[in-house]
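K.L.:
Let me give you the structure first, and then I'll get to my questions.
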Amino acid sequence: MYFKQILDERLGCASYLIASRESHEAAIVDPSLETDVYEDLLAARDFTLRYVIDTHVHADHVSGARRLADRHGAELCLHEAARVTYPFHPLHDGDVLPLGQLRLQVLHTPGHRPELISLLIINPPRSPEPSMVLTGDSLLVGDVGRPDFGGGDASAQAESIRRLLALPDYVAVFPGHFEGPCGRGMCGRPSSTVGFERRFNPLLQLAPEAFVTSLTDHVPARPLNITAIEATNRGVAAMEWAMLTTAPPVEQISTEAIPAGALLLDVREPEEYEEEHIAGAVNIPQGELADRLAEIPRDRTIVTVCRSGARSLRSGQFLKQMGYASVVSLDGGMNAWDAAGHPIVRGPGRGSRIVETEWMHAGGART
Ligand SMILES: [Fe+2]
């Protein structure tokens, strides 16, 4: 067999090329939109692409599955529960896809998303048992996939993990992510084993109730442009551009350096904004930024704001990628704002109306 894990360092995603060295048939799992790496591998090894499989409808990055399947006439495979607008080969729990002498067996492991599957890789000439499992965003290394990316369910995730942990200790675990927003505490290793995760994955040491609570309490922010990316992967939008693919420089400014006339763009979740925000700040969560670009003016400086400065920096980079000329990020976010003793406003957002406060007109940062 041939097995290659391809790591996308920028997105924290892992994709896979599995092939039979005898029949030269290949399958690609969870491909990224930049497909050159797969094309090069297929050409170099003279493989024929037979299947392209997305373990689930991704919400954090645009999939290259349709592009590859179209180009190679390969079968585009997803679990039958996938709600997408384009035709695909529906997979069911227990289905087996032959790939030369290899077998890819489908294990339905919902939780992160309802349609998420894991794939057992079996090489019968060596063993009738699987030696590897591709887990998508069910079991991650040191973590499990978040259930809040669209139709997910923490209890279903617990049951899916239980199924995966029934596999023998020696089965190698290859996840869909090694970094990024799909989990909260991935260790960074790109692979593991069932035995190691059973013993040392902190979430798997919890009782079922505590496991569910840990996934549903204090849910982290939705990733940048999640709504546009998920819609694109379902086929109801064509917003491939909604992925952050560049890293343009964005100046990080102090609370005292907010320029006069700037628009404060708060990219946190609505609940965070309601709890406290800067007077006049407009709330567009980073998850909805791409869908709501029309609400963001291009004729003034945009100051992105979040809790600590991480989301605002990524959002600022995305706005620059989209051609916004003047974008800065509030260094330290609301944490820095609070620490400096500046006043805050509590309450719901003001929709998309651009608000300019007196102090903005009065010459920059408030007193
Ligand atoms: Fe995911």
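Per the working numbering, the very first residue in the sequence shown carries number 5; after that it's consecutive. Glycine included, C-beta positions come from ideal geometry on N, C-alpha and C. Note that the structure is predicted; figures quoted are calculated from it, not measured.
Might you give, ordered along the chain, the residues of its own chain that have their beta carbon closer than 8 Å to the beta carbon of A340, omitting 5 neighbours on each side?
P.N.:
Locating residue 340 in the sequence shown gives position 336, where the first residue counts as 1. If we look at A340 and ignore the five residues flanking it on each side, its Cβ neighbours are S258, T259, G313, L334.
K.L.:
Is the closest heavy atom of ligand 1 to the C-beta of H62 under 6 Å?
P.N.:
Position 58 of the sequence shown holds residue 62. Indeed, a heavy atom of ligand 1 lies less than 6 Å from the Cβ.
K.L.:
Provide the residue(s) that pair with Y20 in DSSP beta bridges, ordered along the chain.
P.N.:
Within the sequence shown, the letter at position 16 stands for residue 20. Paired residue(s): Q9, V33.
K.L.:
Considering only heavy atoms of ligand 1, does any lie closer than 6 Å to the CB of D157?
P.N.:
Against the sequence shown, residue 157 aligns to sequence position 153. Not so, every heavy atom of ligand 1 lies at least 6 Å from the Cβ.
K.L.:
Using only CA atoms, which one of L82, S19, D342, E26 lies nearest to V177?
P.N.:
For the purposes of this step, residue 177 is identified with residue 173 of the sequence shown, where counting begins at 1. Residue S19 is the option with its Cα nearest to V177.
K.L.:
Tell me where the beta strand (DSSP E) around L123 begins and ends.
P.N.:
For the purposes of this step, residue 123 is taken as the residue at position 119 of the sequence shown. Taken as a continuous stretch (DSSP letters only), the beta strand (DSSP E) holding L123 covers 121-126.
K.L.:
With L82 as the anchor, note down where its beta strand (DSSP E) starts and where it stops.
P.N.:
Locating residue 82 in the sequence shown gives position 78, where the first residue counts as 1. Residues 79-83.
K.L.:
When you compare the stretch 233-252 with the stretch 185-195, are there three or more beta-carbon pairs, one atom per stretch, that lie closer than 8 Å?
P.N.:
No: fewer than three Cβ pairs fall under 8 Å.
K.L.:
Just to confirm, does C186 get its C-beta within under 6 Å of one of the non-hydrogen atoms of ligand 2?
P.N.:
This structure lacks ligand 2; the ligands present are ligand 1.
K.L.:
Report, in whole angstroms, the separation of the C-beta atoms of L103 and E29, which I expect to be a contact under 8 Å.
P.N.:
Stepping through the sequence shown from its first residue, residue 103 is reached at position 99. Stepping through the sequence shown from its first residue, residue 29 is reached at position 25. Correct: roughly 5 Å between the Cβ atoms.
K.L.:
Using C-beta distances below 8 Å, list every residue in its chain close to R202, excluding the 5 sequence neighbours before and after it, in chain order.
P.N.:
Within the sequence shown, the letter at position 198 stands for residue 202. Closer than 8 Å at the Cβ level, and outside the excluded window around R202, lie L169, D173, L208.
K.L.:
Are the CB atoms of S142 and V216 within a distance shorter than 7 Å?
P.N.:
In the sequence shown, the residue the question calls residue 216 occupies position 212. In the sequence shown, the residue the question calls residue 142 occupies position 138. No, Cβ-Cβ distance for V216 and S142 is not below 7 Å.
K.L.:
Look at N237 and H116 and say whether their C-beta atoms are less than 7 Å apart.
P.N.:
Within the sequence shown, the letter at position 233 stands for residue 237. Within the sequence shown, the letter at position 112 stands for residue 116. In this structure, H116 does not lie closer than 7 Å to N237 by Cβ.
K.L.:
Going by C-alpha distance, which of Q321, G337, V137 is nearest V331?
P.N.:
Here residue 331 corresponds to residue number 327 of the sequence shown, with the count starting at 1. Among Q321, G337, V137, the Cα nearest to that of V331 belongs to Q321.
K.L.:
Take the Cβ of H222 as the centre, count every other Cβ of all protein chains shown within 10 Å, and call the residue buried at 16 or more, exposed below.
P.N.:
Sequence index remark: in the sequence shown, residue 222 carries index 218 (1-based). By the 10 Å Cβ count, H222 comes out exposed.
K.L.:
Per DSSP, which one or two residues make a beta bridge with R107?
P.N.:
For the purposes of this step, residue 107 is identified with residue 103 of the sequence shown, where counting begins at 1. Paired residues: P102, I126.
K.L.:
Could you give the distance in angstroms between the alpha-carbon of G327 and the alpha-carbon of E278?
P.N.:
Taking the first residue of the sequence shown as position 1, residue 327 is located at position 323. Taking the first residue of the sequence shown as position 1, residue 278 is located at position 274. Straight-line Cα distance between these residues: approximately 29 Å.
K.L.:
Taking 8 Å as the limit between beta carbons, can you name the residues of its chain near I288, skipping five residues before and five after?
P.N.:
Counted from its first residue, the sequence shown places residue 288 at position 284. Taken in chain order, the residues that qualify are L269, D270, V271, R296, E299, I300, S356.
K.L.:
Less than 7 Å between the beta carbons of L37 and P194, yes or no?
P.N.:
Stepping through the sequence shown from its first residue, residue 37 is reached at position 33. Stepping through the sequence shown from its first residue, residue 194 is reached at position 190. No; because the gap between Cβ atoms is not below 7 Å, this pair is not in contact.
K.L.:
Out of I125, P252, D147, which one is the CA nearest neighbour of V100?
P.N.:
In the sequence shown, residue 100 corresponds to position 96, counting from 1. The shortest Cα separation from V100 among I125, P252, D147 belongs to I125.
K.L.:
Sorry if obvious, but does the Cβ on D12 come closer than 6 Å to a heavy atom of ligand 1?
P.N.:
The count along the sequence shown starts at 1 and reaches residue 12 at position 8. Answer for D12: no, Cβ out of range of ligand 1.
K.L.:
How is R296 classed by DSSP in three states: helix, strand or coil?
P.N.:
As a working note, residue 296 is residue 292 in the sequence shown. Reduced to three states, the DSSP call for R296 is helix.
K.L.:
Run the CB neighbour count on Y90, radius 10 Å, all protein chains shown included, and call it buried at 16 or more, exposed below.
P.N.:
Sequence index remark: in the sequence shown, residue 90 carries index 86 (1-based). Burial call: exposed.
K.L.:
Quick check on this structure: which residue in L138, T250, H93, V349 has the alpha carbon closest to the alpha carbon of Q109?
P.N.:
Counting from one through the sequence shown, the residue named residue 109 turns up at place 105. The residue with the shortest Cα to Cα distance from Q109 is L138.
K.L.:
Ends of the beta strand (DSSP E) at M136?
P.N.:
The residue labelled residue 136 in the question sits at position 132 within the sequence shown. Start and end: 134-140.
K.L.:
Between which two residues does the alpha helix (DSSP H) containing P94 stretch?
P.N.:
Looking up residue 94 in the sequence shown gives position 90. It is not in any alpha helix (DSSP H) - P94 instead sits in the beta strand (DSSP E) that spans 93-95.
K.L.:
Note down the Cα distance separating H76 from V88, rounded to an integer number of angstroms.
P.N.:
On the sequence shown, residue 76 is found 72 positions in, with the first residue counted as 1. On the sequence shown, residue 88 is found 84 positions in, with the first residue counted as 1. Whole-angstrom Cα-Cα distance: 21 Å.
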